[in-house]
């Protein structure tokens, strides 16, 4: 009995699939999903993360690596048999909701970005804002007394009550600006009537 090479195809749709098994110089396996081929498969065929275009030509299987990943590119990807490719399975409303969720993160990042005061850069996250209010209230008892505060580079700077208040005002201004921008973007997202219009909206 002759020995042949056998391949196992999986996830096929039309002419697309990937090699799920390969046996070289063997008798026919008991697994009916193995097909005989005279071609010698490269060793990395089993581990490649992309689909192969395959066809039966002149009595043997011929494989060409495609650009289509064999695993879903994103959690929202669904396989479309008609086009033999992955597609985004979300509805337009779901895409709008996801985009607004992304924009909320960006809005929060803008609202709490570092601020610059008198050439020094200071943190503006929520914890820092709480500390600033506490220190400013304490410093306001005697406006002539300074309190030490750290820049984002951990450099100690002596600040007065007015300095603390000025930094707090800068943070408040950027917070208001970020949220005003967020309201505009949320309205733009709601008004989008198709994916092209939605994709054109950027933060």
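Residue numbers (the numbering used here): 4 to 206. Glycine included, each C-beta is placed from N, C-alpha and C at the ideal position. Note that the structure is a prediction, hence the values are computed from the model and not measured.
Residue burial classification, residue i (beta-carbon count within 10 angstroms, cutoff 16)
i	result
residue 162	buried
residue 141	exposed
residue 118	buried
residue 164	buried
residue 89	buried
residue 110	buried
Beta-carbon proximity check, residue i vs residue j, cutoff 8 Å
i	j	result
residue 169	residue 113	no
residue 201	residue 195	yes
residue 102	residue 198	no
residue 94	residue 125	no
residue 106	residue 188	yes
residue 84	residue 91	no
Residue interval of the beta strand (DSSP E) (run including residue i)
i	result
residue 155	Per DSSP, residue 155 belongs to no beta strand (DSSP E) and is neither H nor E.
residue 80	80 to 83
residue 88	88 to 91
residue 119	118 to 120
Terminal residues of the alpha helix (DSSP H) in which residue i lies
i	result
residue 172	164 to 194
residue 106	95 to 114
residue 134	129 to 142
Inter-residue spacing [alpha-carbon to alpha-carbon] between residue i and residue j
i	j	result
residue 204	residue 177	21 Å
residue 123	residue 151	13 Å
residue 186	residue 147	41 Å
residue 172	residue 115	13 Å
residue 179	residue 127	13 Å
residue 35	residue 28	17 Å
residue 87	residue 120	57 Å
Heavy atom of the ligand PLP within 7 Å of residue i beta-carbon
i	result
residue 128	Only the bare structure without any ligand can be found here, which leaves the ligand PLP out of the picture.
Under the three-state DSSP convention, the category residue i falls into
i	result
residue 70	strand
residue 10	strand
residue 23	strand
residue 39	strand
residue 148	coil
residue 200	helix
residue 126	coil
Contact with chain B by residue i, beta-carbon distance below 8 Å
i	result
residue 133	The structure shown contains no chain B; it holds only a single protein chain.
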